[in-house]
Each structure stands twice: as C-alpha cells, then as structure tokens.
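Line by line, the protein sequences give chains A and B.
Add 13 to the 1-based position in the first sequence for this note's numbering, that's all there is to it.
Add 13 to the 1-based position in the second sequence for this note's numbering, that's all there is to it.
Reading through the structure tokens given below for one structure.
Protein chains: 2
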Amino acid sequence: MPKYNNMAKNLTKRSEDYSKWYNELVVKADLAENSAVRGCMIIKPYGYAIWEKMQSELDRMFKSTGHQNAYFPLFVPKSLFEAEEKNAEGFAKECAVVTHYRLENDPNSPGKLRVDPKSKLEEELVVRPTSEAVIWNAFKGWIQSYRDLPILINQWANVVRWEMRTRLFLRTAEFLWQEGHTAHATKEEALKEAIQMNQVYADFVEKFMAIPVVQGIKTESERFAGAEETYCIEALMQDGKALQAGTSHFLGQNFANAFDVKFMTKKGTQDHVWATSWGVSTRLMGALVMTHSDDQGLVLPPNLAPYQVVIVPIYKSEEQLISISKVANKILELLKPKSITVKFDNRTTQRPGAKFAQHELQGVPLRIAIGPNDLKNNTVELARRDNLTKEVVPIDGLDLKIQSLLIQIQNSLYEKALIFRDKHITEVSDFEDFKTTLETKGGFISAHWDGTSATEEKIKKITKATIRCIPIGNEVKQGNCVYSGAPSKFRVLFAKAY
Amino acid sequence: MPKYNNMAKNLTKRSEDYSKWYNELVVKADLAENSAVRGCMIIKPYGYAIWEKMQSELDRMFKSTGHQNAYFPLFVPKSLFEAEEKNAEGFAKECAVVTHYRLENDPNSPGKLRVDPKSKLEEELVVRPTSEAVIWNAFKGWIQSYRDLPILINQWANVVRWEMRTRLFLRTAEFLWQEGHTAHATKEEALKEAIQMNQVYADFVEKFMAIPVVQGIKTESERFAGAEETYCIEALMQDGKALQAGTSHFLGQNFANAFDVKFMTKKGTQDHVWATSWGVSTRLMGALVMTHSDDQGLVLPPNLAPYQVVIVPIYKSEEQLISISKVANKILELLKPKSITVKFDNRTTQRPGAKFAQHELQGVPLRIAIGPNDLKNNTVELARRDNLTKEVVPIDGLDLKIQSLLIQIQNSLYEKALIFRDKHITEVSDFEDFKTTLETKGGFISAHWDGTSATEEKIKKITKATIRCIPIGNEVKQGNCVYSGAPSKFRVLFAKAY
Numbered sequence: 014m015p016k017y018n019n020m021a022k023n024l025t026k027r028s029e030d031y032s033k034w035y036n037e038l039v040v041k042a043d044l045a046e047n048s049a050v051r052g053c054m055i056i057k058p059y060g061y062a063i064w065e066k067m068q069s070e071l072d073r074m075f076k077s078t079g080h081q082n083a084y085f086p087l088f089v090p091k092s093l094f095e096a097e098e099k100n101a102e103g104f105a106k107e108c109a110v111v112t113h114y115r116l117e118n119d120p121n122s123p124g125k126l127r128v129d130p131k132s133k134l135e136e137e138l139v140v141r142p143t144s145e146a147v148i149w150n151a152f153k154g155w156i157q158s159y160r161d162l163p164i165l166i167n168q169w170a171n172v173v174r175w176e177m178r179t180r181l182f183l184r185t186a187e188f189l190w191q192e193g194h195t196a197h198a199t200k201e202e203a204l205k206e207a208i209q210m211n212q213v214y215a216d217f218v219e220k221f222m223a224i225p226v227v228q229g230i231k232t233e234s235e236r237f238a239g240a241e242e243t244y245c246i247e248a249l250m251q252d253g254k255a256l257q258a259g260t261s262h263f264l265g266q267n268f269a270n271a272f273d274v275k276f277m278t279k280k281g282t283q284d285h286v287w288a289t290s291w292g293v294s295t296r297l298m299g300a301l302v303m304t305h306s307d308d309q310g311l312v313l314p315p316n317l318a319p320y321q322v323v324i325v326p327i328y329k330s331e332e333q334l335i336s337i338s339k340v341a342n343k344i345l346e347l348l349k350p351k352s353i354t355v356k357f358d359n360r361t362t363q364r365p366g367a368k369f370a371q372h373e374l375q376g377v378p379l380r381i382a383i384g385p386n387d388l389k390n391n392t393v394e395l396a397r398r399d400n401l402t403k404e405v406v407p408i409d410g411l412d413l414k415i416q417s418l419l420i421q422i423q424n425s426l427y428e429k430a431l432i433f434r435d436k437h438i439t440e441v442s443d444f445e446d447f448k449t450t451l452e453t454k455g456g457f458i459s460a461h462w463d464g465t466s467a468t469e470e471k472i473k474k475i476t477k478a479t480i481r482c483i484p485i486g487n488e489v490k491q492g493n494c495v496y497s498g499a500p501s502k503f504r505v506l507f508a509k510a511y
Numbered sequence: 014m015p016k017y018n019n020m021a022k023n024l025t026k027r028s029e030d031y032s033k034w035y036n037e038l039v040v041k042a043d044l045a046e047n048s049a050v051r052g053c054m055i056i057k058p059y060g061y062a063i064w065e066k067m068q069s070e071l072d073r074m075f076k077s078t079g080h081q082n083a084y085f086p087l088f089v090p091k092s093l094f095e096a097e098e099k100n101a102e103g104f105a106k107e108c109a110v111v112t113h114y115r116l117e118n119d120p121n122s123p124g125k126l127r128v129d130p131k132s133k134l135e136e137e138l139v140v141r142p143t144s145e146a147v148i149w150n151a152f153k154g155w156i157q158s159y160r161d162l163p164i165l166i167n168q169w170a171n172v173v174r175w176e177m178r179t180r181l182f183l184r185t186a187e188f189l190w191q192e193g194h195t196a197h198a199t200k201e202e203a204l205k206e207a208i209q210m211n212q213v214y215a216d217f218v219e220k221f222m223a224i225p226v227v228q229g230i231k232t233e234s235e236r237f238a239g240a241e242e243t244y245c246i247e248a249l250m251q252d253g254k255a256l257q258a259g260t261s262h263f264l265g266q267n268f269a270n271a272f273d274v275k276f277m278t279k280k281g282t283q284d285h286v287w288a289t290s291w292g293v294s295t296r297l298m299g300a301l302v303m304t305h306s307d308d309q310g311l312v313l314p315p316n317l318a319p320y321q322v323v324i325v326p327i328y329k330s331e332e333q334l335i336s337i338s339k340v341a342n343k344i345l346e347l348l349k350p351k352s353i354t355v356k357f358d359n360r361t362t363q364r365p366g367a368k369f370a371q372h373e374l375q376g377v378p379l380r381i382a383i384g385p386n387d388l389k390n391n392t393v394e395l396a397r398r399d400n401l402t403k404e405v406v407p408i409d410g411l412d413l414k415i416q417s418l419l420i421q422i423q424n425s426l427y428e429k430a431l432i433f434r435d436k437h438i439t440e441v442s443d444f445e446d447f448k449t450t451l452e453t454k455g456g457f458i459s460a461h462w463d464g465t466s467a468t469e470e471k472i473k474k475i476t477k478a479t480i481r482c483i484p485i486g487n488e489v490k491q492g493n494c495v496y497s498g499a500p501s502k503f504r505v506l507f508a509k510a511y
C-alpha cells in the first residue's frame, strides 16, 4: 500500500552539491514535496510516519514532566497580536492576514469566484505565527490565585510564517510544531521550567534522533521576540552548517504585563505571572535527513524508522515464493513480541533489485533477503543500511541478533555524528583564522567575543556566521574578542546556519 | 496540576433549558470555552484529553483498515478551490480568505500595526474548509498507473468554516477533524471504501463512545457538495434533536475530472480515478456531552474518560492522610497492570465535598472514597457516576471489581441511550401527526416521502425538520408520502437537527 517514488535513484552526491542532494533526497525518499501553495509543503505518508514517531515520543516526555495538551485558535485578532510589542514587531513582517470571510460568484467570469467585498472583517485576523498572544489572553481568565499556578500547557498545531525563501522542512510558510506555554508564580520556577524543557529537547534529539546537540543561550540579537532569555539546542549538519533544533524561552513577565495577568500570592499581594514558551517543529525532519543520510539516500535511526526491518524475497518460481513467504511470516512472528516493526515486501510488481534500491533510498535500518539457498541452509542475508555491510546469518536466534543490531545502529549513528560534530568545533583566536576556518572547514567556531551586538553584527556581515549560542557550562576564561580585541570572559560558538 | 473550574455547580437543569444546560456544562466541566476570536473555541486540557482518546482509537481503526496519515497545506489558492464547481459553491459563503502577507507599523497610531497594502497577494488563499481541492491537485502528480492505486490517506487537521451562529464543539468557525481521502481504480472499490468507512465510524461511535447511531444515506439536498452519494451516521440527543456524527462520501469521478487525474488501466486504456472522502470532527465532543450527561454534570463512558477512577481521601489529621495515602497508593499499584487510569486527588486546597462535586461534574466514571473507618475495615466506598449509586466494598478484589464495573458502565450507557433512541423513532403516516409528534415528542420521525427535493424543502419550511437519512437496510414497503400523498417505496427518518 505505501506509495513509493519509483524513479531511478540518480541522487546528486553530497560532495557535488549538498543543497541539491538534500532537496532531491527529501522528494525521492517520499518524505515531502512542494505544493501548489507558495512555500507550503505536503508531508507524504512516509515522512509523516517519521514525524508521528517524533510526536509520540515528545508527547510522552511532555506528559511525564507534568504537561497537558490543549488547543487554541488558529487566528489572532490584530489587537491581541500587537499587545506584546516586541513579539508583534518580530513577527509582523511574515504574517498571513485574513481580511474577508466569504467568496461570491464573479459576475465577470462565470464559474469563477471572487472575494465578496461586503464580507470585510472589522478587525483583521493574523494566522498564528506563534500563540503567546492568544494563549496569554486566555490565561488572564484562568489565573486568579497562586492556587491556579503553575499552568503547564502544550499544543500540537500548525503555524504560518510568510518566509520568502522556503525549503522543504527547513523553512516553510506553514509548518507543524508543538508549542509549550507555561505560567508560574515565581521567576525561579519559570526559569527552571525553561531550562528543563531545553534539557528535554536535548535528550530527545540526542537519544531518540541520534543527533548530538550543544545546549546554550542565545545572544540578545538572536533571542525570541518577547523573551528575556532563549535557551536552545544547536546541531551540526554534514556540510558544516549549524541548525537550531529547538528553543525554550524564559519570557519573564512580558506577556503577563501585556495582557495584565496577575495573581494573588500566598501573602495576599498581587503579582504578574512568570512565563515560558518552547517549541520544536517539522524542521527536525530536515535535521534528521542532513545528519545521518548519505549518497545512497536516507539513513534512519531505528527509533524513527516507520519500519525497522524489511524482508525481500528472492525467487524465480511461484513455489519458491510460497516457501519463502512461510519463512518470512515465521520471522514476522518472531519479531512481533519484541516490538520490532517489520514489513514483508512481497510486491510482485517490482524486482528485488528495485526493492533493494528503494529501501536503501528510504533508509530502512535492516534488510533481510531470503533466497532459495537460504531455504536450504535455514539462513537469511542481513544487511545494515548505516554502514552498508551484509552477512548471512542463521534464522535461529535472528530475533535477538536483530534486537541487538537495532540498538547498535542507533548508538553507532549517534557516535558517528558526535565524532563529526566534535571534529568540527574549532577554537580560533584571530579573525583571519576565523574566516579561513569558516570557509575551508566550516562547523562551529569557538571564539572569544566582546559581548556587544555591534561586533556580532559586523562579524555576521563579513562572514555570514552568527553566534549560535553561548554554550551552557562554558568555562570562564579571560581572552580577547576575535574581532574587536576587547576583553572577553568566555568563548561562544559561531557558525553559518540553516 | 489539572486546572478545574472551582465555581459552585449551579448547573441549569436539562428540563428547564437544554441548550443553556449544554453551554454551561461544557464550560463548567472545563471542556472548552469561547476565545477572543469570533466563533473559535479553546479546547481546555480536560476536553482535549477526551479528544485525544477519540483520536487515538480512530487512528488505530484507520490504520488497521490500511490508511496512512499525511499532511496537506492549510491554504487553498482560489483557482484550485473553484475547480470543482459544486464543492466550491457549497463552501464559498463561509471561507476565511487570506489576502495579505505582512503587517507594518501604523503611521497614524504609534505601537499599532496595520496590514501592509504592498503585501497584497496576487491570488487569494482560502483557509481550507475541507481539503479535496488541494489533495486532488497533489494526487494528479501521484497517480499515473493502476499500480499507484488505491491511495488511502487520512489527515488530522484544523479547518475553518465561517459560521454565523456558533456553539462550543457543535458549530465553531475553526474545528479539529480528520479527513480521509482515497483514490481508486474502479467505482465498485470506491463505493466499498465509502461504505466501509461509514461502518468504521458507526463502530467507533457505538462501541467506543457508547452512542447508538442510524447508518444511512443522505438525500440529494443534504449531500456533501461535490459528492455522488453521502453515507452518514445519525445520533439522537436527549432533547430529541438529531446530530450528524460522521459522513463518508462517494465522490465519483468529480474531483478526478476537475483536476484531470487519469490513470492507465490494466488494459492500457486511460480512465479518471474514483474517489471517496470521509470525516468526523470535534463535533463528536458535543454528541458525547448531549447523549450521556445529566443534571449533575458530565457522564463519561470509561473508554473516553481522561481518568476512569478518582480516589478521594477523607481525613481529619495529617496522620490519617498518611495512612490513607498508603492505601491509595496500594490501589494505584493494583489498577496499573490492568491499564485502568486512576488519579489520586490528594490536593490539600480542597475539601472532600468540593472534590466530590468536581469529579461528578467532570464525569469521572468511578469514585473511591477512603476514610478512617475504611482503614479499620480494609474497605473503600465505591461510587458510580452513571447511576449515582455507591457501596462499601473490600479492598481485596477491588481491581477485578473495578475492571468489571468499567465494562458494565460502558455497556449500560450504550443500552440506556439505545432505549431512549429507539423510543424516539416514531412511525407516522399523516402530516398532522408528523407535526404533533415533532413538537411534543421530538426524535426521529419515520415517514414515507415521495423522493422529491420540493417536498423535502416544504416540510423543512413548515416544521424545521430535515431528512436525516434514508436508513441503510430500509424495508421496501409501498406507501404514500406523508406530505404530498404521492407513492413512496420506503420510509425515511426526519428530525430537527443540530
């Protein structure tokens, strides 16, 4: 039933054109495609199945840290949207705006419709680029006393940011995400929550997606519009560019002030509520593709694979297929109790070679091939997608073998990515070195910075590198800014970024 | 952590004002509330937890019938929207339309924003009221040959229909739903799919939600815009009004024609593809409330309860609470392996009476109270929400007792609703009787109808009753139309409806 793109692979090599490789791979592996709507993507079943696995694990992690899901409106009335000025300013330039609520027959073109000018809204509605405004407006009604706090909410939703240059998963006008929104009685508690959720993201991305990240704090100029502090996790792609994989914001009392959300403290006084918000999006799909995949196609960590094992029968006669199917079904039964997901690819419309190519392209972690010789010997051929090795193994004990291999692959993908990432953190101390490293080697550049937005801006203008973060647990060590030479207390991580 | 509305119950009685009872209950039980956006609701955590249970079961049922999830854009360009004319005409009057993509500072009001007139879109974007257009435009690229068929897709999404009169869950401008979209090589296969999915809905609503339904076919005037046939499930609310709980459409080749989606048949000829679409929405939450609940508040079938059992400690001293907590935790451990969800309500900010009232209002199926006497006797007080009975039972064997009670409650709610529904299907044969029954008793009226839209329209004008459906498996029996007296081959079900 799943539909595959049956085109020959012909995948551009990463070394030739990394960007082209990415675009081709996303489409050829049937993860997503562009739609008729400018900048909006279609997430295809194979891609969506991966996203569902991410959702399910994140949802579990949010609930186990005490959060509950809820749902808030898609639209934000303009007057609410503009209430928190910094936030509004940050998103105003990329807002889809609903101005009318009806179409009518176009009297000039029969069969065509036009916007009914009489249906103009009194107040325009912004399609949510993020939901702080609409949620804090609701929180005002929910919070009277310290007894109502904390409120720990998460929402799974679509949001729209009208980006001019879009790329599948990495930057799309509409994307899917989750946004956590919490309200607290004290600054300390809100800060703790923001840090906790950044840690949840780091754990998820490292352990579940096998992508190593740096946890850090954003500089003022890279901070979320309306936040007092933005925590983030930063990953490194194979082309040496960084990718912000998740952010968690300490919002201070900014939204409580903007929406006048006060509560009665235990002492009986009134105080404004403290807030956090945090989110990850379908952008993580892009990070997944760009961290692990190779010139043969997708490489999926077993945790995220829609099916972890595929069985391909190699046969000449109908009888052989019947015998092989019996063995395949035995293997299916063997793996089911171990919660290993398996697909028996018994399509008769495709030859084994085409099936191999397709499963390789789609990154199925383990491939089992069963041929006539295997029937005789009670064996199968077992191939690993991550390192492209294969071996003939006995069916006896195959379940345990596969179980341990899947764990091994998950770990090995993380280790490989970690080694790459660590090799691509380069300490530099002068600006020429900074520029050369950025151009020749890429990756994160660890350098002293004088702490000013002016310097940050100049470096960005000259090199296109931005400060990805001030890593958490950074060693305090006196130095001089790589650009201005002014004193600096610690190194920060620069990189070109997605 | 979950936030409750701590107001006194003061719930309007159903007999006083059913509509007011519903509106109050949805808000007081913390299911949903109105938002700052006209006609858009906020689904609160307790309500969303119920919706998640529905989603999870439906998703399982869709997958086990071979469907895969995917995601398509929120926006439909106007030119795509108008391609299938009947569909476009059906939804044109209730479309939210995006016309601009940017806000700018309002030079006349510092700190305020206005729509940037320079950001006008060349082509307006309709916020999807349903996704046939955008999906069939994509299917065109996915389908070349019979080998690409069937395509069996489902999408979980938000949609917007600009309704003028809205009510929480029942009719909101934005709502959450799932929409299935399938493509087939033959008419027979598509018809079979549409009927199958209507059956899936019937099974879900009856077995999982404990709401009896009538499966039927819509008349031409009640059909989905763009469908050749609309299958539906119709439920009956306690006030005698019907509620359309789900629909499944056989779309013929209408969308394939509109979007020119052809495929090569096995014979090598070209044919247009056959289609279905089907959906249920957060409207089911309204059906749930209005089928089972009573003047004390919500009544939830155990399958849908965010927690099926709540434990309330009754204590005077801190020591008593400690002893009771030990027993409560023992019960939690006892119920966990049986997959029964339990909440120990050990809040110290609320008295037992307030807790009882709240859990009753929120429809928790079983309540366990543990007091000092229970400690002595090794018992608990066990109360059923559905019939408001309670009994003192030994802790020994409590897990089995609860397990069987939950099944009993689930079945008993269905039986009760079924008896009510069956009592409210009245066969009438003259129009005076029709009108009197409708006004005094309500419910479904089973009557002969001459099969014309004109008669249907007249009856609707006079009585506000519509034909809910032509029940499937209807007995063929000659008769005369209840309104026109013209010959009729079978009875149909009329009712006033939500």
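Glycine included, every Cβ here is placed at the ideal spot set by N, Cα and C.
Every value quoted in this text rests on a predicted model; they were computed, and no experiment measured them.
query, result
"In angstroms, rounded to a whole number, what distance separates the CA positions of Leu264 of chain B and Asp284 of chain B?", "15 Å"
"Ala109 of chain A touches chain B at which residues, Cβ-Cβ below 7 Å?", "Val111, Tyr114"
"Based on DSSP bridge pairs, tell me the residues matched to Met54 of chain A.", "A:Asn47"
"Kindly say whether Lys16 of chain B, judged by its beta-carbon, lies nearer than 8 Å to any beta-carbon of chain A.", "Legend: pLDDT at Lys16 of chain B = 43, less than 50; position of this residue unreliable, no value from coordinates given."
"With a cut-off of 8 Å on the beta carbons, I'd call Ala248 of chain A and Leu256 of chain A a contact; round off their distance for me.", "5 Å"
"Quick check: what's the CA-CA separation for Glu70 of chain A versus Pro314 of chain A?", "14 Å"
"Measuring only between beta-carbons, confirm whether Lys125 of chain B sits less than 8 Å from chain A.", "yes"
"Does Met20 of chain A get closer than 8 Å to chain B when you measure Cβ to Cβ?", "Note that Met20 of chain A has pLDDT 44, beneath the 50 cutoff, so the model's placement of it is unreliable and no number is given."
"Under 8 Å, do Phe516 of chain B and Glu488 of chain B count as touching if we go by C-beta distance?", "With chain B running from 14 to 511 in the structure shown, residue 516 of chain B is simply not present."
"Whole angstroms is fine: what's the gap from Glu137 of chain B's alpha carbon to Glu29 of chain A's?", "39 Å"
"Determine the chain B residues that contact Thr362 of chain A at a beta-carbon separation under 8 Å, and present them in chain order.", "Arg160"
"Determine the direct distance from the alpha carbon of Met67 of chain A to that of Leu345 of chain A, and round the result to whole angstroms.", "24 Å"
"Using a beta-carbon distance below 8 Å, is Gln81 of chain A in contact with chain B?", "yes"
"Is there contact here, the stretch 40–57 of chain A with the stretch 83–101 of chain B, by at least three beta-carbon pairs under 8 Å?", "yes"
"At the 8 Å Cβ level, is Leu138 of chain A part of the contact set with chain B, yes or no?", "yes"
"Along chain A, which residues have their Cβ under 7 Å away from the Cβ of Trp462 of chain B?", "What Trp462 of chain B touches in chain A: nothing, since even the nearest Cβ is about 32 Å away."
"Which residues, in chain order, does the stretch 82–104 of chain B contribute to contact with chain A at a C-beta distance below 9 Å?", "Asn82, Ala83, Tyr84, Phe85, Pro86, Leu87, Phe88, Val89, Pro90, Lys91, Ser92, Leu93, Phe94, Glu95, Glu98, Ala101, Glu102, Phe104"
"Take Ile224 of chain A as the anchor and find which of A:Phe444, A:Phe447, A:Lys429 has the nearest alpha-carbon.", "A:Lys429"
"Thinking just about the alpha-carbon of each residue, which of B:Glu187, B:Ile208, B:Gly124 is nearest to the one in Thr512 of chain B?", "The shown model of chain B, from 14 to 511, leaves out residue 512 of chain B, and the question about it has no answer."
"Could you list which residues in chain A have their beta carbon closer than 8 Å to that of Ile166 of chain B, in chain order?", "Pro58"
"Just to confirm, is the Cβ distance from Val110 of chain A to Val128 of chain B under 8 Å?", "yes"
"Cβ atoms of Ile63 of chain B and Leu395 of chain B: under 8 Å apart, would you say?", "no"
"What do you reckon, are the CB atoms on Leu181 of chain A and Met54 of chain A nearer than 8 Å?", "yes"
"For Met277 of chain A, which beta-bridge partners are listed by DSSP?", "A:Ser158, A:Gln283"
"Keeping to the same chain, check which residues put their C-beta closer than 7 Å to that of His372 of chain B; ignore five residues upstream and five downstream.", "Val323, Arg380"
"Thinking Gly229 of chain A and Gly292 of chain A are a contact (beta carbons under 8 Å), I'd like their distance in whole angstroms, please.", "With a Cβ gap of about 17 Å, Gly229 of chain A and Gly292 of chain A do not count as contacting."
"Give me whichever residues DSSP pairs with Thr439 of chain A in a beta bridge.", "A:Ile458"
"Per DSSP, which residues does Gln81 of chain A bridge with? Please list them.", "A:Ile166"
"Which one or two residues does DSSP pair with Asn493 of chain A in a beta bridge?", "A:Pro500"
"Could you name the residues of chain E that Leu189 of chain B contacts, counting a contact when the two beta carbons are closer than 7 Å?", "Chain labels in this structure do not include chain E; the protein chains are A and B."
"Quick one: which chain B residues come within Cβ less than 8 Å of Val147 of chain A?", "Ser48, Ala49, Val50"
"Indicate whether at least one CB of chain A lies closer than 8 Å to the CB of Lys254 of chain B.", "no"
"Which of the three DSSP states, helix, strand or coil, is assigned to Thr232 of chain B?", "coil"
"Exposed or buried, Thr295 of chain B, counting other C-beta atoms within 10 Å across all chains shown (16 or more means buried)?", "buried"
"Just how far apart, CA to CA, sit Ser514 of chain A and Val441 of chain A?", "Beyond the ends of chain A as shown, which are 14 and 511, falls residue 514 of chain A; an answer cannot be given."
"State yes or no: is the C-beta of Ala240 of chain A within less than 8 Å of the C-beta of Val226 of chain A?", "no"
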